[in-house]
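Residue numbers (the working numbering), protein chains in the order written: chain A, 1 to 121; chain B, 1001 to 1113.
Take a look at the structure below.
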Amino acid sequence: QVQLVESGGGVVHPGRSLRLSCTASGFTFRTYGMHWVRQAPGKGLEWVAVISYDGSNKYYADSVKGRFTISRDNSKNTLYLQMNSLRAEDTAVYYCAKDHFEFSTVTPGYWGQGTLVTASS
Amino acid sequence: QSVLTQPPSASGTPGQRVTISCSGSRSNIGSNSVIWYQQLPGSAPKLLIYSNTQRPSGVPDRPDRFSGSKSGTSASLAISGLQSEDEADYYCAAWDDSLNVVVFGGGTKLTVL
């Protein structure tokens, strides 16, 4: 069955960097677009970024553009989110999600359990 | 301020039918498929409806209780035969062609009275 396991969250000072990972299993990782979506404490869902199945296309929310970078390693079935210049407002649970359709980037489908990132001094 | 507009709350009694609305614009709901998610307390979101009306395999037992619809720039999620375990937050989403992002609604908290 599909499994997505996020890791790399933690407490970090504002202005510092953190890299999240999402290890996938149970499906053909290299044929699916992958998303990052976050949820601040007590708030709604905010889409962060998506990467196409082959890494050739990437899209970002305006709130993270220029600071966050999404990438993937299909040989390791792993998705990444490099987060630089973190701000207090980046504090959230970060979920990775597999697109519902092969070769698509518009329909987050199955979600992992999330990893908490706290940007605080 | 979310790009898609949902009512912040909804409620119903067991067995009742409840609908949750989601309003957008031409560049998102008007041009692309609507997705619905259910987020139970303390859990990750789960895909409930995709492509406006389709239910994925693995939707909670009695999958026909959840249905989606879309008309123009609005969409709705209907839950029939309301059960206590349906208490959750529900989110709509869609790709936005102008922004090149996935946009979400603010979420609707469903209470079963």
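Even for Gly, the Cβ is constructed at its ideal location relative to N, Cα and C.
Since this is a predicted model, take the numbers as computed values, not measurements.
Review point. Going by Cα to Cα distance, which pick from B/T1073, B/L1048, B/G1072, B/S1074 is closest to B/R1065?
Key: B/L1048
Practice item. Answer yes or no: do A/L79 and A/C96 have a C-beta to C-beta separation smaller than 7 Å? Key: yes
Review point. Listing by chain order, which chain B residues have their CB less than 9 Å from the CB of A/P108?
Key: Here the neighbours are I1035, Y1037, P1045, L1047, A1093, V1102.
Check your understanding: Of all the CB atoms in chain A, is at least one closer than 7 Å to the CB of B/Y1050?
Key -> yes
Review point. For the region 1019-1033 of chain B against the region 1089-1106 of chain B, are there 3 or more C-beta pairs whose distance is under 8 Å?
Key: yes
Check your understanding: When we look at the beta-carbon of B/P1041 and count the other beta-carbons within 10 Å, is it buried (16 or more) or exposed?
Key -> exposed
Check your understanding: Are any of the Cβ atoms in chain A nearer than 7 Å to that of B/G1107?
Key -> Chain A, which has a Cβ nearer than 7 Å to the Cβ of B/G1107, makes this yes.
Practice item. Can you give me the start and stop residues for the beta strand (DSSP E) that A/L43 sits inside? Key: A small fix is needed here, since residue 43 of chain A is Lys in this sequence, not Leu. That residue, A/K43, is in no beta strand (DSSP E); it is neither H nor E in DSSP.
Point to revise | Under 9 Å from the C-beta of A/G112: neighbouring residues of chain B | key: A1044
Review point. Where B/V1034 and B/W1095 are concerned, what is the direct C-alpha to C-alpha distance, given to the nearest angstrom?
Key: 8 Å
Point to revise | Short CB-CB distance (under 7 Å) between A/Y53 and chain B | key: Not closer than 7 Å to any Cβ of chain B, the Cβ of A/Y53 fails to qualify, so no.
Practice item. Just tell me which of B/Q1054, B/S1051, B/G1024 has its CA closest to the CA of B/S1098. Key: Relative to B/S1098, the option among B/Q1054, B/S1051, B/G1024 whose CA is nearest is B/G1024.
Exercise for review: Would you check if the distance between the CB atom of B/D1089 and the CB atom of B/Q1039 is smaller than 7 Å?
Suggested key: yes
Check your understanding: According to the Cβ coordinates, are B/T1111 and B/S1043 closer than 7 Å?
Key -> no
**Study point:** Short CB-CB distance (under 7 Å) between A/L45 and chain B
**Key:** yes
**Study point:** Limits of the beta strand (DSSP E) - the one that B/I1029 falls within
**Key:** Run containing B/I1029: none; DSSP gives neither H nor E here.
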